[in-house]
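First the structure, in the form of structure tokens, and then the observations on it.
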Amino acid sequence: MIEYNVLGFANETEQAEFERICEQHPECRAAKESFERALEKIAVQHAVHPPTYLKSKIFSQLEIESEKSKPHPILTDPLGHISKTTISDETLKYLLAASIFLLAASIIFNVYLLTANRNLNRQYNRVLHNTENETLEESSERPLKRRQSSLFSSGESNDKVFQAPGSETGYNLIII
Amino acid sequence: MILNILGDETSAGEVLQEVFINSWRSIDVFDEHKCTLFTWLLNSSRHLALETLKSKSYAENRKSDELRESIQLHSNSKSAAVKMDEVGLKKVFFRLKGEHRVFIDLFYFQGYTLDEISVIEEMPLSTVKSGIRMALIQLREYLK
Numbered sequence: 082m083i084e085y086n087v088l089g090f091a092n093e094t095e096q097a098e099f100e101r102i103c104e105q106h107p108e109c110r111a112a113k114e115s116f117e118r119a120l121e122k123i124a125v126q127h128a129v130h131p132p133t134y135l136k137s138k139i140f141s142q143l144e145i146e147s148e149k150s151k152p153h154p155i156l157t158d159p160l161g162h163i164s165k166t167t168i169s170d171e172t173l174k175y176l177l178a179a180s181i182f183l184l185a186a187s188i189i190f191n192v193y194l195l196t197a198n199r200n201l202n203r204q205y206n207r208v209l210h211n212t213e214n215e216t217l218e219e220s221s222e223r224p225l226k227r228r229q230s231s232l233f234s235s236g237e238s239n240d241k242v243f244q245a246p247g248s249e250t251g252y253n254l255i256i257i
Numbered sequence: 227m228i229l230n231i232l233g234d235e236t237s238a239g240e241v242l243q244e245v246f247i248n249s250w251r252s253i254d255v256f257d258e259h260k261c262t263l264f265t266w267l268l269n270s271s272r273h274l275a276l277e278t279l280k281s282k283s284y285a286e287n288r289k290s291d292e293l294r295e296s297i298q299l300h301s302n303s304k305s306a307a308v309k310m311d312e313v314g315l316k317k318v319f320f321r322l323k324g325e326h327r328v329f330i331d332l333f334y335f336q337g338y339t340l341d342e343i344s345v346i347e348e349m350p351l352s353t354v355k356s357g358i359r360m361a362l363i364q365l366r367e368y369l370k
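Chains as they are written, first to last, in this note's numbering: chain A, 82 to 257; chain B, 227 to 370.
Written out as structure tokens, the structure reads:
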């Protein structure tokens, strides 16, 4: 069981189970650590040392890696001064994610505002249209009534005499 | 370990470099409560070396190398593969009894699954499993 897990034969489920057992039973953990130490000792004893150039190659590669993982300096501010503030890759990722989120939220909000604006315009036009209709109806009815009352003035004969509006001298029209 | 699996120093050097760089990048994943740093590196090395061994380009390169060797051959009594059995962990593991040694070689150093070993050795899966278990018990005794 211990050797099987330490040498990497176990699958993920078996490994998880083994770790759980080690947590519950300290003697099992101690046995595992003892086997690991013995394996390390014997592996080092029989190890084949890599060529010396490989060591320096690996170290220089690791140096490049550590340079890559260092925080990136912000080169200049808008005025061209060199900024002392630094920003790490992790922070850059968060900033990028936040800016994408803000952009998406802004687009959604703008679409919402545009739709609301169109609806309001439609409502406003409808109200304006209704008001104009009502005003037109009122304005066309009022002078007609006034004229009707003035024109249908009482005459002596049965004939109805219309006086043309605005004419004092009166060209009277007679409707038979 | 890497040399035991791959059998040539150039490829082993490349894989070793990759192991260190990968470990450097994923050091946050390492949990000292789960295993020692040595075990972590050992298993990473084995995993990457087996991956390289199974990769198509490596297999093609190896085939052409073997062809070249077979042309030159018979002047050297020992092939590179045999020499690799005499170094590193393989030397230790190969002190196991014959049948157990075969199982460990196929499983640990060549990356075959238990099912594949069962087919290769023409044995039932249960026999292969118990063989591996016996080999590990032997190994434990040996390391004591």
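Ideal Cβ placement from N, Cα and C applies to all residues, glycine included.
Along chain A, in chain order, which residues have C-beta atoms closer than 8 Å to that of Y365 (chain B)? The amino acid at residue 365 (chain B) is misidentified as Tyr; the sequence shows Leu. Against chain A, the beta carbon of L365 (chain B) has neighbours under 8 Å at E84, listed in chain order.
Any chain B beta carbon closer than 8 Å to H127 (chain A): Interface residue, yes.
Closer than 8 Å by beta-carbon distance: list the chain B residues that pair up with Q142 (chain A), in chain order. Result: Q243, F246 and I247.
So which residues on chain B does K138 (chain A) lean against when the C-beta distance must stay under 9 Å? Under the 9 Å cutoff, chain B gives G239 and Q243.
So what's D257 (chain B) in DSSP terms, helix, strand or just coil? Note: D257 (chain B) maps to coil in three-state DSSP.
Work out the CA separation of L173 (chain A) and L183 (chain A) for me, nearest whole Å. The C-alpha of L183 (chain A) lies about 15 Å from the C-alpha of L173 (chain A).
I want to verify the contact list: residues of chain B whose CB lies under 8 Å from the CB of A119 (chain A), in sequence order. Neighbours of A119 (chain A) on chain B, chain order: L369 and K370.
List the whole-angstrom C-beta distance separating S252 (chain B) from L267 (chain B), where the pair is believed to meet the contact cut-off of C-beta under 8 Å. With a contact defined as Cβ atoms closer than 8 Å, S252 (chain B) and L267 (chain B) miss out at about 12 Å.
What does the alpha-carbon distance come out to for the pair N230 (chain B) and L276 (chain B)? So the two alpha carbons sit approximately 10 Å from each other.
Within 10 Å of its beta-carbon, does S271 (chain B) have 16 or more other beta-carbons around it, so buried, or fewer, so exposed? Classification for S271 (chain B): buried.
Look up L365 (chain B) in the DSSP assignment and say whether it is helix, strand or coil. Under the three-state reduction of DSSP, L365 (chain B) is assigned to helix.
Is it buried or exposed for I330 (chain B), if we count other Cβ within 10 angstroms and need 16 for buried? Result: buried.
Use the C-beta contact count for V125 (chain A): other C-beta atoms within 10 angstroms, 16 or more gives buried, fewer gives exposed. So V125 (chain A) counts as exposed.
Does the distance from the C-beta atom of L242 (chain B) to that of L135 (chain A) stay below 8 Å? It is a contact, given that the beta carbons lie within the stated cut-off.
Is there at least one Cβ from chain A nearer than 8 Å to K355 (chain B)'s Cβ? No, no contact with chain A.
Just to confirm before moving on: does the CB-CB distance between I363 (chain B) and F333 (chain B) stay below 8 Å? No, Cβ-Cβ distance for I363 (chain B) and F333 (chain B) is not below 8 Å.
Please name the residue, chosen from A:P132, A:L120 and A:L217, that lies closest to T236 (chain B) on a Cα-to-Cα basis. Out of A:P132, A:L120 and A:L217, A:P132 has the C-alpha closest to the C-alpha of T236 (chain B).
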